[in-house]
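Chains as they are written, first to last, in this note's numbering: chain A, 1 to 377; chain B, 1 to 253; chain C, 1 to 271.
Take a look at the structure:
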């Protein structure tokens, strides 16, 4: 059965091809981090629904570790990559001239998860608590340092345990009081465990996001300066394509989930869920035609979550809920735009961690909003 | 010490579970201080016989006795010498010969003293610290012989000890064996497939038939001692070996 | 005439001597050539410094990490994990290997587990080991132990089973006890094979420890690689990798020395 969404996809691709000035699409590989996951839905939607093709690119996706993504972009093995802002500052301080041209995550995705039974209304209560963290690196470590800094604490004031990416298991064993996690993902998993009674004495968890304390620059699209200077037009088109895809995910998460199925193997999708999502996606298209504002759309997402929660069990909806949670980190009036102050805050964090022995260089050179302003239509 | 075999037989189990008769039934006696050679074609169970006497292999029926006592385990005062020298490649000549003493709990200085006294008789005095890999076949067997002698056994069992050596070396070792026997008189049972060797060394030659091995001839050797190698050209010796030969040939006929 | 022959033989001797010293020198020449090639590639800018840092930078990183104690600290930690892991893995390997060699029924009982463990790549289940044994040193010791266990086990079984049956008969005829048979026959007889297994094990031990450190971050050379990588300090990454090579070669060398020292009889035999 051909549904309306698929029809629109085909139409969009067709239209994209027709209006595109050059008939030949340029092959481009975008380097992502982590593993294929619903959190990369904007890229799947960009590929599946023709946003990249409209921009003149035939995009393929690959997943690597952040430092590898950055180095490959820096030396021109790939033109586009997704890394977090802190990586840009660190790498630039070590001679990698890359430029951050599009802020994908508007809110820093890291936070502290803890049992609701604890009183953390004052962050200073973290004193002497056992806190788990994947390791002393990356966004988690920067996030923790920022959180502690905003509470007037330092690493020496807490009992920091390196636990790898095993926060739900370790937290539920009761070995740690709290864990630094990605706020869109692990709290959900821990709550699921807690609801099943598999999380020790913990019944429910709360999260303090880093973003609620300090605005730190987060994940975004990078290019090398050499590529930027030679192909400003291509950069502008890629930013435009990504912005369009991202907006589409924010507006229609059910459609984005469906587009992700082709890219993420383990995404739950039985027949009933597929049907429900397809009809939700179709309805959303009609709803969007009525020109709703951001608030209306946000409410429509919450409605979707509530409706599905009544019909399906938690496990089946986990990944969709991760996507919905993540959308909250993406949604903004001016998507793609990053603030100098958020870069400065990140630099100060890295500095306080002792990661910046060399001169970090001018932060103005680290990012550019010039492609965003025009692209955010 | 006297040895006697009473209706002794050994059979092995074939893979299908049936019995493979290997030896006997066979009966004979070996008198105190007698030197008996057992000859016979390949596969007549000679080595099996030695292993039973050594207490390494239980008989399937009948019995092997030593001074009337059943041999059901390795016996005290028995020493065995194998077809290959069977030395430990990680031990020097000195330590290989001293092995039985070490196992018996003799202290290092004492056992070295004993072995060093023995080495000249074996013509090994300058190879004390050599490892077996550096020795010739004949020297290896002299070491093995030394390892038998340090045990001061009453009974010596020899399983084709010179089988793998060239003719001249065999002769030399045979001479050495006889010379040493004069000094340390023991009961000896030696398996060989060489009729001349058997006749020259032994007081008595027992001929065995092939599969399963049975006694077919028991020939006493009444050549004078000390034996010399040129005796093999004597009429009496030739007659003797002819007789032994004939009883083996009868078998194959 | 005689003089000519003498010269000839001396000439031949010298040529042979030269050949031996050339062969001794060859590995060092290889290393020198690789260093020159490395220097040349990076000075010509054929490959970006970002990907292949120049030798001078690596040397600087080595000196710096030595001076501030980082290199030594992480090397010692990795060494510690490896040594405990070796002790545990080799110990268990020897014990189970000996038991299996003596009682073949044990092989039938244990082989499904052992073969399953061995045929599964350690990197695949290292994360499980971290969950089970915690993120401290224990999980790295276990990872190392698991990886060194198998070569020890196999070589112990092979070594004990290859003990000459004639020598067993000899020991029995000498009325040697169980312990005496082990001490005077089985152990020395199996030692060469077991030491060969130990050489393999020592090089594998580095892999075990580093895999553990990659999975559960915290300390050690594997962690130094990750953390240097995350700080875009490629020269330090190279230093850490070379330190692993050095550890591996050193341990291998120690076992090779023990082998050389204890197996005099084998050396004499081949000479």
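Every residue, glycine too, gets a C-beta built ideally from N, C-alpha and C.
The shortest CA-to-CA distance from residue 259 (chain A) to any of A:86, A:30, A:351 and A:46 is the one to A:46.
Of all C-beta pairs linking the region 34 to 43 of chain B to the region 175 to 191 of chain B, three or more are shorter than 8 angstroms, placing the two stretches in contact.
Going by DSSP, residue 103 (chain A) is part of the beta strand (DSSP E) stretching over 98 to 103.
Between residue 94 (chain B) and residue 141 (chain B), the alpha-carbon positions lie close to 14 angstroms from each other. Contact annotation for residue 155 (chain C) against chain B: no contact, minimum CB-CB distance about 17 angstroms [criterion: below 7 angstroms]. Here residue 40 (chain C) is exposed, its C-beta having fewer than 16 other C-beta atoms within 10 Å. Scanning chain B for C-beta atoms nearer than 8 angstroms to the C-beta of residue 162 (chain C) yields nothing, as the closest lies near 12 angstroms away. Nearest CB-CB separation between residue 177 (chain C) and chain A: not below the 8 angstroms threshold. For residue 40 (chain A), there is no enclosing beta strand (DSSP E), as DSSP gives it neither H nor E. The shortest CA-to-CA distance from residue 328 (chain A) to any of A:108, A:68, A:366 and A:71 is the one to A:108. Within the model, the alpha-carbon separation for residue 180 (chain A) versus residue 242 (chain A) is close to 29 angstroms. Comparing alpha carbon positions, the residue from B:20, B:149, B:85 and B:143 closest to residue 183 (chain B) is B:149. Separation of the CB atoms of residue 151 (chain C) and residue 200 (chain C) is rounded to 4 angstroms, and the pair is thereby assigned contact status at 8 angstroms.
Counting only the Cα atoms, residue 196 (chain B) lies some 42 angstroms from residue 107 (chain B). Using a CB distance cut-off of 8 angstroms, residue 90 (chain A) counts as an interface residue toward chain C.
For the region 188 to 218 of chain C, the set of residues with a beta-carbon nearer than 7 angstroms to any beta-carbon of chain B comprises 188, in chain order.
In the structure shown, the three-state DSSP call for residue 197 (chain A) is coil. Residue 162 (chain A) is bridged by DSSP to A:133. In the structure shown, the three-state DSSP call for residue 112 (chain A) is strand. Identification of residues in the region 127 to 143 of chain A having a C-beta nearer than 8 angstroms to some C-beta of chain C yields 134, 135, 136, 137 and 138, given in sequence order. According to the DSSP assignment, residue 21 (chain B) belongs to the beta strand (DSSP E) that extends over 19 to 30. Taking CB atoms only, residue 309 (chain A) has no neighbour in chain C less than 8 angstroms away. As computed with DSSP, residue 219 (chain A) is found in a beta bridge with A:84.
According to DSSP, residue pairing for residue 159 (chain B) in a beta bridge involves B:191.
In this structure, the alpha-carbon of residue 230 (chain B) lies about 29 angstroms from that of residue 154 (chain B).
Taking a cut-off of 8 angstroms for Cβ pairs, the region 218 to 226 of chain A and the region 80 to 87 of chain A touch, as three or more such pairs fall below it. Within chain C, the C-beta atoms nearer than 7 angstroms to that of residue 74 (chain A) come from 50, in chain order. About 37 angstroms separates the beta carbon of residue 205 (chain A) from that of residue 59 (chain A), a gap too long to meet the 8 angstroms contact definition. Taking C-beta atoms as the reference points, residue 355 (chain A) and residue 90 (chain A) count as a pair closer than 8 angstroms. Here the alpha carbons of residue 196 (chain A) and residue 230 (chain C) stand approximately 37 angstroms from one another. By the Cβ test, the region 220 to 236 of chain B is in contact with the region 197 to 205 of chain B, since at least three Cβ pairs between them sit closer than 8 angstroms. Between residue 177 (chain B) and residue 85 (chain C), the alpha-carbon positions lie close to 55 angstroms from each other.
Residue contact check for residue 10 (chain C) against chain B: no CB pair falls below 8 angstroms. The beta-carbon of residue 159 (chain A) is placed no less than 8 angstroms from the nearest beta-carbon of chain C. Within the same chain, Cβ atoms closer than 8 angstroms to the Cβ of residue 207 (chain C) are found at 122 and 147, the five residues on either side in sequence being excluded. If you ignore the 5 residues before and after residue 186 (chain C), its C-beta comes within less than 7 angstroms of the C-beta of 160 and 163, all in its own chain and listed in chain order.
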